[in-house]
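Report on the structure given below.
Residue numbers (our numbering): 22 to 133.
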């Protein structure tokens, strides 16, 4: 089932670039936000919650410092990925079919 979903999402790359970029942008936002939320939850639990259970691998007393440094890196990143990096796209560009785009590229010739 996941291979079918992946193939369908991969087909978007053959369509308008705007649709593909929108899906990639949402994925990046989701990944950075989920990572930041997990770090905040760990820091919150260390200060205000029950003690964290013993694990096979632990950073010991360095764990809190590593989490705070990770939060300092991921929190601004989570905010920055929400901003638009380029000019806004016209609504017509989203709805252009592949045939129209490929026809436009074929009819344009570079100047000599």
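Here a beta-carbon is modelled for each residue, glycine too, at the ideal position from N, C-alpha and C.
Since this is a predicted model, take the numbers as computed values, not measurements.
Asked: Contact check, residue 57 vs residue 95, beta carbons under 8 Å; Found: yes
Asked: Cβ neighbours of residue 18 in the same chain (closer than 8 Å, five flanking residues each side left out); Found: The structure shown does not extend to residue 18, since the chain spans only 22 to 133, so no value can be given for it.
Asked: Euclidean distance between Cα positions of residue 39 and residue 83; Found: 43 Å
Asked: Cα-Cα separation between residue 79 and residue 51, rounded to whole angstroms; Found: 27 Å
Asked: Simplified DSSP state of residue 87, which is helix, strand or coil; Found: helix
Asked: Own chain, CB closer than 6 Å to residue 91, minus 5 neighbours either side, in chain order; Found: 60
Asked: C-alpha distance - residue 54 paired with residue 27, whole-angstrom precision; Found: 22 Å
Asked: Residue 30 and residue 44 closer than 8 Å at C-beta; Found: yes
Asked: Alpha helix (DSSP H) segment containing residue 26, residue limits; Found: 23-32
Asked: Alpha helix (DSSP H) runs wholly inside the segment 30-78, at least 4 long, in chain order; Found: 38-69
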